[in-house]
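FYI, the numbering for the sequence shown is 9 to 178, going by my numbering.
Don't be surprised by glycine CBs; every beta carbon is placed ideally from N, CA and C.
Owing to the predicted nature of the structure, the values given are computational and were not obtained by experimental measurement.
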Amino acid sequence: MILNSFNEYWSGLAARYRTSPVPGFLAWWQGELSGLIPESLRARMVPPRPSLWLIADQEGNLDVWRGGEHPRHLGRFGADEPVAGLRSRWLEIQGGFEDGSPEIRLCLVPDEVLQREVELPLAVESNLATALGYQIDQLTPFRPNQILYDYQVTERDVPHGRLKLDLRLV
Numbered sequence: 009m010i011l012n013s014f015n016e017y018w019s020g021l022a023a024r025y026r027t028s029p030v031p032g033f034l035a036w037w038q039g040e041l042s043g044l045i046p047e048s049l050r051a052r053m054v055p056p057r058p059s060l061w062l063i064a065d066q067e068g069n070l071d072v073w074r075g076g077e078h079p080r081h082l083g084r085f086g087a088d089e090p091v092a093g094l095r096s097r098w099l100e101i102q103g104g105f106e107d108g109s110p111e112i113r114l115c116l117v118p119d120e121v122l123q124r125e126v127e128l129p130l131a132v133e134s135n136l137a138t139a140l141g142y143q144i145d146q147l148t149p150f151r152p153n154q155i156l157y158d159y160q161v162t163e164r165d166v167p168h169g170r171l172k173l174d175l176r177l178v
């Protein structure tokens, strides 16, 4: 009960923060300050978050690459391999990062991704993921449990109370 109240409060606070000019200012300020630090020193002070690239082929196989300046092939998950073996290999790959858990990127060609611009009321921004989950079947021909989706806010029209999103789903 208390946790739910805290989560609701935090979501509202995060939404107000995102709609304020503060994030833009802080991003600009960080860019200005980081430009004063030599690149070699900057890389040592704040290492980039590790990333895993997942690249699917036409047969359903998945190549796993460690991203970064020097990408490295870590393995291939075959479409016909047993699930138990895939799970243990996946956990082993994820555990091999010293700098924390990696950001996982699914790399697809544009033809394999459905993209749509969506306009919603600005009031739903604090619970945007939940609101999209409820409306996916109205916005697309799919149910939420049939797809994976992500979104990016492209425009906030505060005077008209509208929010524009770029919705992508597979």
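Close Cβ partners of residue i (< 8 Å) along its chain, the five nearest in sequence each way excluded
| i | result |
| --- | --- |
| Ile45 | Met53 |
| Arg57 | Asp107, Gly108, Pro110 and Glu111 |
| Arg113 | Ser59, Leu60, Trp61, Leu62 and Gly75 |
| Glu127 | Arg170, Leu171, Lys172 and Leu173 |
6 Å Cβ shell around residue i - same chain, five flanking residues per side excluded
| i | result |
| --- | --- |
| Ser134 | Ser19, Gly20 and Ala23 |
| Leu116 | none |
| Phe85 | Leu70 and Leu94 |
Bridge-paired residues (DSSP) for residue i
| i | result |
| --- | --- |
| Tyr142 | Answer is none; Tyr142 lacks a bridge partner. |
| Gln160 | Asp174 |
Classification of residue i by the beta-carbon crowding that lies within 10 angstroms, buried from 16 upward
| i | result |
| --- | --- |
| Leu156 | exposed |
| Val72 | buried |
| Leu99 | exposed |
| Trp37 | exposed |
| Ile10 | exposed |
| Leu41 | exposed |
| Leu177 | buried |
Distance between residue j and residue i (C-alpha atoms, nearest Å)
| i | j | result |
| --- | --- | --- |
| Tyr142 | Leu175 | 14 Å |
| Tyr17 | Gln66 | 45 Å |
| Glu77 | Ser59 | 11 Å |
| Phe105 | Leu136 | 31 Å |
| Ala64 | Pro167 | 43 Å |
| Glu163 | Leu171 | 6 Å |
| Leu70 | Gly83 | 8 Å |
| Arg50 | Gly43 | 9 Å |
Beta-carbon proximity list for residue i, same chain, < 7 Å, skipping 5 on both sides
| i | result |
| --- | --- |
| Gly68 | Ala87 |
What runs of the beta strand (DSSP E), each 3 residues or longer, lie entirely inside the stretch 9-82? 59-64 and 70-74
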